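Novice: Here it is, the structure, as structure tokens.
2 protein chains.
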Amino acid sequence: MQALWVHTALMARIDVSGIGGFIREQRDQAQMSVRQLAKAAEVSNPYLSQVERGLRKPSAEILSRIAQGLRISAETLYVRAGILAQREGDEVVTTSIASDSTLTERQRATLLQIYAAFQSENQAQVTPREDEES
Amino acid sequence: MQALWVHTALMARIDVSGIGGFIREQRDQAQMSVRQLAKAAEVSNPYLSQVERGLRKPSAEILSRIAQGLRISAETLYVRAGILAQREGDEVVTTSIASDSTLTERQRATLLQIYAAFQSENQAQVTPREDEES
DNA sequence: CCAAAGTGCTTGCATTTGCAAACGCAGGTG
DNA sequence: CACCTGCGTTTGCAAATGCAAGCACTTTGG
Chain L
1 MQALWVHTAL
11 MARIDVSGIG
21 GFIREQRDQA
31 QMSVRQLAKA
41 AEVSNPYLSQ
51 VERGLRKPSA
61 EILSRIAQGL
71 RISAETLYVR
81 AGILAQREGD
91 EVVTTSIASD
101 STLTERQRAT
111 LLQIYAAFQS
121 ENQAQVTPRE
131 DEES
Chain U
1 MQALWVHTAL
11 MARIDVSGIG
21 GFIREQRDQA
31 QMSVRQLAKA
41 AEVSNPYLSQ
51 VERGLRKPSA
61 EILSRIAQGL
71 RISAETLYVR
81 AGILAQREGD
91 EVVTTSIASD
101 STLTERQRAT
111 LLQIYAAFQS
121 ENQAQVTPRE
131 DEES
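First to last, the protein sequences are chains L and U.
Every letter in the first sequence is one number past the one before it in full-length UniProt numbering, and letter 131, counting from 1, is 131.
Every letter in the second sequence is one number past the one before it in full-length UniProt numbering, and letter 63, counting from 1, is 63.
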């Protein structure tokens, strides 16, 4: 059985097996053993093993530790776990700019304006693919 | 029992009482009772009460449900909980721009350039206005 | 040939989460 | 007065997290 979404009235449910597979994937890719990652993440190796196979539903703290051990952002892992919603790319940019306290109000507005301009500019072209033009 | 911030070699530790106070703050501001928020978040009201007073350390799932009930972003709550590291404002902006696939390479560079210009512009004036609740 | 060290996994167990069922207290309403 | 409805909280208790200890297997190598 695959990554089952329990899907009650609520939409925030942790995708247990999905996150496990993703972690194992990342660990394999990094050529680490279970024990190695466990040590780096400061989690016990049996527990990490169980998490990877979807037998356990790790807490937020454990998840962030594993993320650190894997050197990936906790947000990435949380999105995979279904804990954080996957935000659209533009949403990330606009909210991050909007909440950047190091900018003045004018600067924020300017940046957002430019960004919006770029967005609509690209909207005009059909954008058949997200190709990397040189 | 207090707001202990364990701070081992790892930096990711959950600030129990801090998150509780923040939740209660948000709930009061929204003029909701414990039971109302509990129902909206699909969490039991006694448990929510305990979380707010820092007696319990809610899991990631519960936290995201509460965030939904409060209509605030889960990320905000997670940052408050110390689960997600508070990224520096500029870091968020630059990385989000850099990874925005809806932009062309030129547009990305332009935005980052403008942003950097703003940053150094503000660097001149000293403004360490870091207001924390005191 | 068999110790030593590596891999991942299973098994018990202390600790914790999270909830249902209460409790004590206010404020209306009949 | 009793009766209800809502508030936040306390109290057990089932269920889950997360770990230490140990298992079975493979590889190294003296």
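Quick reminder that beta carbons are idealized off the backbone N, C-alpha and C, glycines included.
Keep in mind the model is a prediction, meaning the values are calculated, not measured.
1. If you measure between the beta carbons of V92(U) and S96(L), is that distance less than 8 Å?
2. Closer than 8 Å, Cβ to any Cβ of chain L: which residues of the region 103-120 of chain U, in chain order?
3. Buried or exposed, going by whether 16 or more other CB atoms sit within 10 Å of the CB of L55(U)?
4. Determine the burial state of E61(U): buried for a count of at least 16 other Cβ atoms within 10 Å of its Cβ, exposed for fewer.
5. If contacts are defined as beta-carbon pairs under 8 Å, then L63(U) and L37(U) qualify, I think. What distance do you get, rounded to the angstrom?
6. Ignore the nearest five residues each way along the sequence and tell me which others in A74(U)'s own chain have a CB closer than 6 Å to its CB.
7. Counting C-beta neighbours from all protein chains within 10 Å, is the total for E133(L) 16 or more, i.e. buried, or is it exposed?
8. Hey, F22(L) and Q107(U): beta-carbon distance below 8 Å or not?
9. Which of helix, strand or coil does DSSP assign to K57(U)?
10. May I have the straight-line CA-CA distance separating G82(L) from V34(U), to the nearest angstrom?
11. I think V43(U) touches G20(U), with their Cβ atoms under 8 Å apart; what is that distance to the nearest whole Å?
12. Can you name, in chain order, every residue of its own chain whose Cβ lies under 6 Å from the Cβ of L48(L), other than the five neighbours on each side?
13. List the endpoints of the continuous alpha helix (DSSP H) containing Q36(L).
14. Kindly indicate which residue of A30(U), D28(U) and L103(U) has the alpha-carbon position closest to the one of S121(L).
Specialist: Put simply:
1. Your numbering for residue 92(U) matches position 92 in the second sequence. Your numbering for residue 96(L) matches position 96 in the first sequence. Contact: yes.
2. L103, T104, E105, Q107, T110, L111, I114, Y115, F118 and Q119
3. Position 55 of the second sequence holds residue 55(U). L55(U) is exposed by the Cβ-count criterion.
4. To locate residue 61(U), count along the second sequence from 1; it is residue 61. It counts as buried.
5. For the purposes of this step, residue 63(U) is taken as residue 63 along the second sequence, with counting starting at 1. For the purposes of this step, residue 37(U) is taken as residue 37 along the second sequence, with counting starting at 1. Actually they are not in contact, since the Cβ atoms of L63(U) and L37(U) sit about 13 Å apart, beyond 8 Å.
6. Translated into the one-based positions of the second sequence, residue 74(U) becomes position 74. Once the five neighbours on either side are set aside, the close Cβ partners of A74(U) are S64 and A67.
7. Numbered from 1 along the first sequence, position 133 holds the residue referred to as residue 133(L). Confidence at E133(L) is low in this model, with a pLDDT of 40, below 50, so the placement of that residue should be treated as unreliable; the coordinate-derived value is given next. Burial call: exposed.
8. For the purposes of this step, residue 22(L) is taken as residue 22 along the first sequence, with counting starting at 1. For the purposes of this step, residue 107(U) is taken as residue 107 along the second sequence, with counting starting at 1. Taking 8 Å as the Cβ cut-off, F22(L) and Q107(U) do not qualify as a contacting pair.
9. Mapped onto the second sequence, residue 57(U) falls at position 57. The answer is coil: DSSP assigns K57(U) none of H, G, I, E or B.
10. Taking the first sequence and counting its residues from 1, the one referred to as residue 82(L) is at position 82. Taking the second sequence and counting its residues from 1, the one referred to as residue 34(U) is at position 34. When rounded, the distance between both Cα atoms is 26 Å.
11. One-based indexing of the second sequence puts residue 43(U) at position 43. One-based indexing of the second sequence puts residue 20(U) at position 20. The Cβ separation is near 13 Å, so there is no contact.
12. As a working mapping, residue 48(L) is identified with position 48 in the first sequence. Here the set comprises V34 and A38.
13. Here residue 36(L) corresponds to residue number 36 of the first sequence, with the count starting at 1. Per DSSP, Q36(L) belongs to the alpha helix (DSSP H) from V34 to A41.
14. Position 121 of the first sequence, counted from the first residue, corresponds to residue 121(L). According to the sequence as given, residue 121(L) is Glu; it is not Ser. Here the closest residue by C-alpha is L103(U).
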